[in-house]
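Novice: Residue numbers (the numbering used here): 96 to 284. Virtual Cβ for every residue (Gly too), placed ideally from N, Cα, C. Take a look at this one; I'll ask things after.
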Amino acid sequence: MVGIGRLQRQDRSVERGLRRPLAVLLTIIVGALVTVLLFAMFFGPHWGGALAAKLNLSPLFTATWFYFRWVLAAVCALLSVEVIYYLAPNVEQRHFLQTIPGSVIAVLLWVGASYVLGFYLQHFAQLSKSYGTLGAVVGLLLWFYVSSAAILIGAEVNAELARAVGKEPPVKEAVEPGKEETPQIRRAS
96 MVGIGRLQRQ DRSVERGLRR PLAVLLTIIV GALVTVLLFA MFFGPHWGGA LAAKLNLSPL
156 FTATWFYFRW VLAAVCALLS VEVIYYLAPN VEQRHFLQTI PGSVIAVLLW VGASYVLGFY
216 LQHFAQLSKS YGTLGAVVGL LLWFYVSSAA ILIGAEVNAE LARAVGKEPP VKEAVEPGKE
276 ETPQIRRAS
């Protein structure tokens, strides 16, 4: 949230009292969308075939389900990034669809970078020889880094497009000017 806020040229991120509930809400929404995405990717063919057999659907459904699950996965990935771009920055809410260009770029970068990282880890990197059993953790951390970079690049595209069009969203009103965001430490005299 802080990184996306800085891309929007905000002085402050989300107010302190709203930061935790917003993070929980984002985690629940994005987690549900990613769960649907992963379910469609891994269990899609089996589930589509079982659904067609149970409901007596035509073989056309089974043939098109293979492609539909990819569309469903792409829509869930786009929606999860859209939700992050819509809720995370501390700006007045704009139209939900104004952040589509950055979302598309973020998802394409994420998929491409994940593929390249997977290819690198599979063919060139010997993480298990260097790190032993922690090699999988190092690979996962690299993937987290690549994923967050893709999301931040998409947010930067959205911020620059908004500045170019002249529709930069206004920052929400901050808390009272006298209150500090971080608590002050009192020194004993």
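Check whether the segment 214 to 227 touches the segment 145 to 155, counting contact only when three or more Cβ pairs, one atom from each stretch, lie closer than 8 Å.
Specialist: no
Novice: In angstroms, rounded to a whole number, what distance separates the CA positions of Ile248 and Val166?
Specialist: Here residue 248 is taken as the residue at index 153 of the sequence shown, counted from 1. Here residue 166 is taken as the residue at index 71 of the sequence shown, counted from 1. The straight-line gap from Cα to Cα measures roughly 23 Å.
Novice: With a CB to CB cut of under 6 Å and the five nearest residues on each side skipped, what residues in its chain are close to Ala147?
Specialist: The sequence position of residue 147 within the sequence shown is 52, counting from 1. Answer for Ala147: Phe156, Thr157, listed in chain order.
Novice: Can you give me the Cβ contacts of Trp205 inside the same chain, cut-off strictly under 7 Å, excluding the 5 residues immediately before and after it?
Specialist: Counted from its first residue, the sequence shown places residue 205 at position 110. Counting only Cβ-Cβ distances below 7 Å, and skipping sequence neighbours, we find Ser242, Ala245.
Novice: Quick one: grab the DSSP three-state call for Ser175.
Specialist: What you label residue 175 is simply residue 80 of the sequence shown in a count that begins at 1. Ser175: helix per DSSP, three-state reduction.
Novice: Apart from the five residues on each side of it in sequence, which residues of its chain come closer than 7 Å, Cβ to Cβ, to Gly144?
Specialist: The residue you call residue 144 lines up with position 49 of the sequence shown. Result list for Gly144: Thr157, in chain order.
Novice: Since His141 is in the alpha helix (DSSP H), which residue starts that stretch and which ends it?
Specialist: Counted from its first residue, the sequence shown places residue 141 at position 46. Run containing His141: 139 to 149, per the alpha helix (DSSP H) assignment.
Novice: Should Tyr180 be labelled buried (16 or more other beta-carbon atoms within 10 Å of its own) or exposed?
Specialist: Position 85 of the sequence shown, counted from the first residue, corresponds to residue 180. Looking at its Cβ environment, which holds 16 or more other Cβ atoms inside 10 Å, Tyr180 is buried.
Novice: Leaving out five residues on either side along the sequence, give the residues of the same chain with a beta carbon under 7 Å from the beta carbon of Gly230.
Specialist: As a working note, residue 230 is residue 135 in the sequence shown. Excluding residues within five positions, the ones whose Cβ falls inside 7 Å are Leu222, Ser223.
Novice: Grouping DSSP H, G and I as helix and E and B as strand, with all else coil, what is Pro196?
Specialist: To locate residue 196, count along the sequence shown from 1; it is residue 101. Helix.
Novice: Are the CB atoms of Ala201 and Ala168 within a distance shorter than 8 Å?
Specialist: Residue mapping note: residue 168 aligns to position 73 of the sequence shown, counting from 1. Residue mapping note: residue 201 aligns to position 106 of the sequence shown, counting from 1. No; because the gap between Cβ atoms is not below 8 Å, this pair is not in contact.
Novice: Whose C-beta lies closer than 8 Å to the C-beta of Ala220 among residues of the same chain, with five residues either side of it excluded?
Specialist: For the purposes of this step, residue 220 is taken as the residue at position 125 of the sequence shown. Closer than 8 Å at Cβ, skipping near neighbours: Gly234.
Novice: Which same chain residues end up closer than 8 Å to Val125 when comparing Cβ atoms and leaving out the 5 residues on each side of it in sequence?
Specialist: Taking the first residue of the sequence shown as position 1, residue 125 is located at position 30. Excluding positions up to five away in sequence, the list reads Ser175, Val178, Ile179.
Novice: To the nearest angstrom, how far is it from the Cα of Val270 to the Cα of Ala183?
Specialist: The count along the sequence shown starts at 1 and reaches residue 270 at position 175. The count along the sequence shown starts at 1 and reaches residue 183 at position 88. Reliability of the predicted coordinates at Val270 is poor, the pLDDT of 48 falling under 50, and no value is obtained from them.
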